[in-house]
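Step one of this worksheet: look at the structure below.
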Amino acid sequence: KQEVTQIPAALSVPEGENLVLNCSFTDSAIYNLQWFRQDPGKGLTSLLLIQSSQREQTSGRLNASLDKSSGRSTLYIAASQPGDSATYLCAVTRGQNFVFGPGTRLSVLP
Amino acid sequence: NAGVTQTPKFQVLKTGQSMTLQCAQDMNHNSMYWYRQDPGMGLRLIYYSASEGTTDKGEVPNGYNVSRLNKREFSLRLESAAPSQTSVYFCATGTFRSGANVLTFGAGSRLTVL
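Respectively, the protein sequence lines represent chains A and B.
Position 5 of the first sequence, counting from 1, maps to 33 under the numbering used here, and the rest follow consecutively.
Position 32 of the second sequence, counting from 1, maps to 414 under the numbering used here, and the rest follow consecutively.
If you want it as structure tokens, here you go:
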């Protein structure tokens, strides 16, 4: 059974710092990995999608990498801003099936 | 453009009561999903519907039933609510883009069972 973990569970940083969020999964037979953002009281918003044949994807200040052989993905956020404060979840996908990690709660302090 | 709309946003039930969570989408997506989110556990799939007229069990289906009324609507029913069903419920739609299934989520429904 696929299991997804995320470290750290919570992170607090001052504005302007670069930071890395980690996602680990136990079964490397995945199709894709997605990173989502969740604001308090809201649903999830897709940030980045990495297909299994890719090693990384970039969108603005966000860069996500994927290493299937080691079962790891990282989300790098450059020059963090208070507006980046949210919970970030990763999900590994295989067809219709998504397995989500528990999320990392990020606070960026002004 | 509403996207994925869930009702109600909040609900308090007593043990043994029944209720239905409604989900409607205007995105013309074929797939629809119901997840529950509990602290520290991520989202877990309850049921999903790959297309109109089909439904399948997910990871945690016990205590729930679903109905895919048409392409737009996918409802989740609790026949006899239990405190263990206290959670935040999310409906999502799925569509394939660049070879990957991409989900769009509703805002969630917070359910408390006393």
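Just so you know, even glycine gets a beta-carbon here, dropped at the ideal spot from N, CA and C.
Look at the alpha carbon of S400(B) and the alpha carbon of M423(B), and state the distance between them as a whole number of angstroms. 25 angstroms
So, helix, strand or coil for K96(A), using DSSP? helix
What does the alpha-carbon distance come out to for the pair P36(A) and T132(A)? 6 angstroms
Cross-strand partners of D438(B) (DSSP beta bridge): Y430(B)
Alpha carbon to alpha carbon, how far is L460(B) from M445(B)? Give it in angstroms, no decimals. Note on identity: in this sequence residue 445(B) is Gly, with Met being the wrong assignment. Each residue's Cα considered, the two are about 6 angstroms apart.
Is the beta carbon of S413(B) sitting closer than 8 angstroms to the one on Q124(A)? In this structure, S413(B) sits near Q124(A), with a CB-CB distance shorter than 8 angstroms.
Residue environment, S98(A), which counts as buried when at least 16 other CB atoms sit within 10 Å: exposed
Under 7 angstroms Cβ to Cβ from F128(A), same chain only, skipping five residues before and after it: list those, please. V32, L117, A119
Where does Q388(B) fall in DSSP's three states? strand
Helix, strand or coil for P42(A)? Go by DSSP, reduced to three states. strand
Considering only residues of the same chain and omitting the five flanking positions on each side of K29(A), which have a CB-CB separation below 6 angstroms? none
Contact residues within the segment 93-114 of chain A, judged by C-beta distance below 8 angstroms to chain B: Legend: CB atoms of the segment 93-114 of chain A lying less than 8 angstroms from CB atoms of chain B are not found in any residue.
Within chain B, partners of V32(A) - CB distance below 8 angstroms: G424
Considering just the uninterrupted stretch of the beta strand (DSSP E) at Q419(B), what are its terminal residues? 413-419
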